[in-house]
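Take the sequence shown: its letters are residues 1 to 76, numbered as in the UniProt record's numbering.
Accompanying notes for the structure given below.
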Amino acid sequence: MLENFISNYKQKSLLQRFLFFIGLLFLILYFVLGCMFIFWKSVPLDLSYNRRLLFGILLIVYSIFRFYRIINIRQD
């Protein structure tokens, strides 16, 4: 499996690899930001807890959607 990933990675162009890593970076960013909105008690925004929770869950769901898209692109 690891050998398959490495050979597939080497076959991609530099632009495709760059876009893949940018996609992973933003996936992690959205997930961490969602967790921050949920667990950080003193968010510097004036939001109620329910809105912070909703926004955090929305960001986490969006990061899961991006992960699903990245996995589908990598399998092609």
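Note that CB positions come from ideal geometry on N, CA and C, so glycine has one too.
This one's a predicted model, so the numbers in the text were calculated from it and none came from an experiment.
Output yes or no for whether 8 Å exceeds the beta carbon distance between CYS24 and ILE64.
In the sequence on display, residue 24 carries Leu and not Cys. No.
Buried or exposed: where does PHE37 fall if 16 or more other Cβ atoms within 10 Å of its Cβ makes it buried?
buried
For SER42, three-class secondary structure by DSSP:
coil
For SER63, which of helix, strand or coil comes out of DSSP?
helix
Beta-carbon contacts of PHE17 that lie in its chain and below 6 Å, excluding the five residues immediately before and after
Position check: residue 17 holds Arg in this sequence, whereas Phe was assumed. If we look at ARG17 and ignore the five residues flanking it on each side, it has no Cβ neighbours.
Straight-line Cα distance separating LEU27 from ASN72
14 Å
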